[in-house]
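When the letters of the sequence shown are read in order and numbered with the UniProt record's numbering, they come out as residues 1 to 155. The beta carbon of each residue, even a glycine, is placed where N, CA and C say it ideally should be.
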Amino acid sequence: MVHIRRFRIGEERELFEVFHSAIHLVASRDYTPEQINAWAPVSLDQELWARKMRDIKPFVVEIDEKVVGYADVQPSGYIDHFFVSGFHPRKGVGKLLISTLHSEAVSLGLTELTSDVSRTAQPFFEKFGFCIIERRAPELRGVVVPNALMRKVLP
Numbered sequence: 001m002v003h004i005r006r007f008r009i010g011e012e013r014e015l016f017e018v019f020h021s022a023i024h025l026v027a028s029r030d031y032t033p034e035q036i037n038a039w040a041p042v043s044l045d046q047e048l049w050a051r052k053m054r055d056i057k058p059f060v061v062e063i064d065e066k067v068v069g070y071a072d073v074q075p076s077g078y079i080d081h082f083f084v085s086g087f088h089p090r091k092g093v094g095k096l097l098i099s100t101l102h103s104e105a106v107s108l109g110l111t112e113l114t115s116d117v118s119r120t121a122q123p124f125f126e127k128f129g130f131c132i133i134e135r136r137a138p139e140l141r142g143v144v145v146p147n148a149l150m151r152k153v154l155p
């Protein structure tokens, strides 16, 4: 059974596992090993990670009570994190997350959604009405990890 809800303090480690598996198992198709390890190192500071999750307050998707994805939308309309576990692809988790973020944005009275989207996720975001505004080359831990700023104008 698939269920979506708000983040709960104490599950930061589970969200890290989703993040890590999404990048190492899925995004690795579009990025080099050096880029993948800079983006999602195993040794990421877990206290900084926990603080980040508490700050962004994501929605969390569970399948049979196991966390399999999460995403947030900030009051500005910016989607900071959007990740589906690399062990649970193509099960509707991403679609449920994007639909929830869209509904949340509308309820907040936002006029657009934006996100810095990986090469891997760009086709998914395009499918849901996002357009590339700018291609970017941010540096993470000394390594360039290309992405694109994408935007969706809301009705």
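Environment of residue i [buried if 16+ CB atoms lie within 10 Å]
i, result
"Met1", "exposed"
"Ser115", "buried"
"Leu140", "exposed"
"Ala22", "buried"
"Ile36", "buried"
"Gly86", "buried"
"Ala137", "exposed"
Residue i: first and last residue of the uninterrupted beta strand (DSSP E) it sits in
i, result
"Lys95", "Unbroken run through Lys95 is the alpha helix (DSSP H), 93-107; no beta strand (DSSP E)."
"Leu149", "147-153"
"Ile132", "131-136"
"Ile56", "It is not in any beta strand (DSSP E) - Ile56 instead sits in the alpha helix (DSSP H) that spans 46-56."
"Ile4", "2-6"
Cβ pair residue i, residue j closer than 8 angstroms
i, j, result
"Val153", "Thr111", "yes"
"Trp39", "Glu12", "no"
"Pro58", "His88", "no"
"Val18", "Val68", "yes"
"Met53", "Leu15", "yes"
Same chain, Cβ closer than 7 angstroms to residue i, five either side skipped, listed in chain order
i, result
"Tyr78", "Thr114, Ser115"
"Glu104", "Val73"
From the options, residue whose alpha carbon lies closest to that of residue i
i, options, result
"Phe128", "Ala40, Gly94, Val144, Glu11", "Gly94"
"Gln46", "Tyr31, Glu65, Phe125, Gly10", "Gly10"
"Arg119", "Asn147, Val61, Glu126", "Asn147"
"Val60", "Tyr70, Pro41, Leu149", "Tyr70"
"His20", "Asp30, Ala121, Val42", "Val42"
Run of the alpha helix (DSSP H) containing residue i, from where it starts to where it stops
i, result
"Val18", "12-21"
Same chain only: Cβ atoms within 6 angstroms of residue i, ignoring 5 sequence neighbours per side
i, result
"Met150", "Ser115, Val117, Phe125, Phe130, Ile132"
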